[in-house]
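**Q** The numbering of the sequence shown is UniProt numbering, which starts it at 1 and goes up by one.
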Amino acid sequence: MSQPSLKTAYTTLLTRQRLTPNPSQLALVTRLNTLQTDLYNHHLSTSNSISRYNSQPPLKGLYIYGSVGTGKSRLADLFASTLPSCITHRRIHFHEFMMDIHSRLHTARSSPTFSGDPLLQIGRDVRSESQVLCFDEFQVTDIADALILKRLFGAIWESGGVMVSTSNRPPEDLYEKGLNRELFLPFVGDLRRYCEVWEVEGREDYRM
1 MSQPSLKTAY
11 TTLLTRQRLT
21 PNPSQLALVT
31 RLNTLQTDLY
41 NHHLSTSNSI
51 SRYNSQPPLK
61 GLYIYGSVGT
71 GKSRLADLFA
81 STLPSCITHR
91 RIHFHEFMMD
101 IHSRLHTARS
111 SPTFSGDPLL
121 QIGRDVRSES
131 QVLCFDEFQV
141 TDIADALILK
151 RLFGAIWESG
161 GVMVSTSNRP
171 PEDLYEKGLN
181 RELFLPFVGD
191 LRRYCEVWEV
201 EGREDYRM
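What follows is the structure in structure tokens.
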């Protein structure tokens with residue numbers, strides 16, 4: 001595999017004047033490029049018949065936040081589109097992802113063999129389908145979502161899943177003033193444990 005081409009893709013956008021040079025963006029591109037390399041090396045390591053039996057430390061994802069129009073979604077798109085082909089990934093709007101999760105929950109609970117909490121298996125299934133989850137607009141406004149995120153993502157992260165997500169707000173502001181928010185807050189701690197929190201700064205609106 002050649003070196004991941006995220007930086008090349010970003011430079012191309014700059015050359016075509018689709019983006020304006022921004023130090024905050026460039027730093028994030030460098031970090032995302034490093035994550036791509038780490039994912040590929042981790043894939044090689046776990047594919048080895050000997051090293052797969054050794055415990056591999058989990059890779060940290062990124063939670064990218066900033067005001068609207070700072071280019072964070074475009075950089076996440078570039079990250080997903082330039083991932084090595086051996087890295088399974090899913091690029092999806094977070095609301096759409098949660099609709100899929102609730103559909104899986106309904107199916108599981110409708111099964112005649114249903115028992116217990118199906119979220120652990122659903123989380124493992126999501127991880128088996130995609131090593132990397134790339135979310136756009138991570139936000140929590142529904143108590144039905146808020147109350148299941150810790151168990152769902154706990155299963156995903158503990159199975160080796162990696163999340164790269166964009167949001168308009170920092171983790172501590174998610175589900176702000178939501179009903180029973182104290183039950184949601186442990187998820188914020190897990191998010192910070194499994195993801196590096198990265199703020200993108202800038203005043204120019206990059207939406208086109």
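Note that CB positions come from ideal geometry on N, CA and C, so glycine has one too.
Values in this document were obtained by computation on a predicted structure and should not be read as measured data.
1. With three or more beta-carbon pairs closer than 8 Å as the criterion, would you say the region 81-97 touches the region 131-139?
2. Pull up the CB-CB distance for residue 62 and residue 195, whole angstroms please, since I reckon it's below 8 Å.
3. Could you tell me whether the region 157-176 touches the region 102-117, where touching means 3 or more Cβ pairs closer than 8 Å?
4. DSSP puts residue 92 in a beta bridge; with which residues?
5. Can you give me the start and stop residues for the alpha helix (DSSP H) that residue 6 sits inside?
6. On the premise that residue 155 lies in contact with residue 123, defined as a C-beta separation below 8 Å, what is that separation, rounded to the nearest angstrom?
7. Tell me the rounded alpha-carbon separation between residue 44 and residue 75.
8. List in chain order: all unbroken alpha helix (DSSP H) runs of 4+ residues lying wholly within the region 30-86.
9. Starting from residue 197, follow the beta strand (DSSP E) in both directions and report where the run begins and ends.
10. Report the three-state DSSP secondary structure of residue 164 (helix, strand or coil).
11. Hey, would you say residue 200 sits closer than 8 Å to residue 69, going by beta carbons?
12. Return the chain-ordered list of same chain residues with a C-beta closer than 8 Å to the C-beta of residue 9, the five sequence neighbours on each side being excluded.
13. Distance, Cα to Cα, residue 187 vs residue 37?
14. Going by C-alpha distance, which of 40, 21, 20 and 7 is nearest residue 29?
**A** For this structure:
1. yes
2. 6 Å
3. no
4. 135
5. 6-15
6. 3 Å
7. About 25 Å.
8. If we require 4 residues or more, the alpha helix (DSSP H) runs fully inside the region 30-86 come out as 72-81.
9. 195-199
10. Annotated three-state conformation of residue 164 is strand, per DSSP.
11. no
12. 78, 81 and 82
13. 28 Å
14. 7
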